[in-house]
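Quick note on numbering: our numbering labels position 114 of the sequence shown as 282, and the sequence is numbered without any gaps.
In what follows, a single structure is set out as structure tokens and then discussed.
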Amino acid sequence: MRAARVVTLDGPTAMVVQEVEAPTPDGGQVLIDVHRAGVTFPDALQTRGLYQYKPELPFTPGSEVAGVVVSAPEGSGFSAGDRVAAFSLLGGFAEQVAAPVHMTFPLPDSMTMAQGAALPMNYLTVEFALTTRGRLVQGETVLVHGAAGGIGTAAIQYAKAKGATVIAVTSTEEKGEVALAAGADHAVRVDGFKDAVKELTGGAGVDIVVDPVGGERFTDSLRSLGAGGRLLVIGFTGGSIPEVKVNRLLLNNIEVVGVGWGAFVLPRPAVVREQWDRLVPLLEAGQLDAPIGAELPLEQAGEAVASLEERRAAGKVLIHVRD
């Protein structure tokens, strides 16, 4: 089968498409014909050896897929021909992948393969972030950084589905339009976002900040929180890891909350399916529908990953493996 491979740690554009042996699933895995694969920021980090999980070279990146079941273990609930989405950890940028049973999910008939591949990492992360770690309740206000990206648009849609008001922060007007199309109530630019938040909230501040970016905006994010607010740390696509002066947390009884979805679910395999089952009604109601920014063929997997690393992507980036 064909697969996009990381053969050197020289970044995404050094990836190559090679012929490799198809995976042989073990007793706890589902073998899937991949139709679409989602691109995530950890894929970019892995191409440079900068992610906490460092597979041996060469390897096939890609953690989220949608496709059709080839084979599944007895009693798994899956059969050949089933349409599924899955979180595969590695190997998704290929014509076939073996995914854990507990991270494979039935894809509603109303959803396309593209929509399915855009879901697993971003929407499961956001559901965990806002519900479990952020304690979001109806009527709160949520500020979303990187709001035109995969995590950002997922956060906008999930927060809106739960009855929140959403303020999106983006770097360009074009990305602001993506965030508004995803459902944000307001879109503001990165420069001056703190003052914009103050004006939009009448000085009260927001209840939750969703931050997959980090970097220099972190302090102003803390200043944007209202009393009892929570800043959710999801990642650092901005490149630098900020430090917190903890005295700031005392001033308004605010919290900085780590969101490590993988660390939470890996020792709790049943939790992932529970999350998916909570998302399905929102998916079927059309409240969650990832904006697709680009679909590139497998031969251009490196370019797809580079678009995230260089922060050019608006909406979810997918790899089109087969029709």
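Just so you know, even glycine gets a beta-carbon here, dropped at the ideal spot from N, CA and C.
For the alpha helix (DSSP H) containing residue i, name the first residue and the last one.
i	result
T294	Reading off the sequence, residue 294 comes out as Val, not Thr. Unbroken alpha helix (DSSP H) run through V294: P288 to E295.
F209	F209 to Q214
D194	Unbroken run through D194: none, as it is neither H nor E.
Q283	M281 to A285
On the criterion of 16 or more Cβ atoms from any shown chain inside 10 Å, does residue i qualify as buried, or is it exposed?
i	result
S231	buried
T192	exposed
I409	exposed
K222	exposed
S514	Residue numbering for the chain in the displayed model covers 169 to 491; residue 514 lies beyond these limits and cannot be assessed.
Could you give the DSSP three-state label for residue i: helix, strand or coil?
i	result
F432	helix
F404	coil
G344	helix
F361	helix
A484	Before going further, note that residue 484 is Lys rather than Ala in the sequence given. Of the three classes helix, strand and coil, the one that applies to K484 here is strand, per DSSP.
H313	coil
L304	coil
V473	helix
G494	Absent from the model: residue 494. The displayed extent of the chain is 169 to 491, so no value can be given.
I422	coil
D388	helix
E367	helix
R173	strand
Work out the CA separation of residue j and residue i for me, nearest whole Å.
i	j	result
A327	G196	34 Å
D375	K362	14 Å
D194	M281	25 Å
V457	A469	Per the sequence presented here, residue 457 reads as Asp, with Val not at that position. Rounded to whole angstroms, D457 to A469 spans 23 Å at the Cα level.
G454	N415	42 Å
T309	L348	15 Å
A253	E367	41 Å
M183	R173	5 Å
How far does the beta strand (DSSP E) with residue i in it extend, from its first residue to its last?
i	result
L447	Looking at the DSSP string, L447 is not in any beta strand (DSSP E); the run it does join, the alpha helix (DSSP H), is P437 to E452.
L466	It is not in any beta strand (DSSP E) - L466 carries neither H nor E in the DSSP assignment.
I335	T333 to T338
Q186	V184 to E187
D379	V374 to D379
Every unbroken alpha helix (DSSP H) within the segment 204-279, with a cutoff of 4 residues, ordered by chain: 209-214
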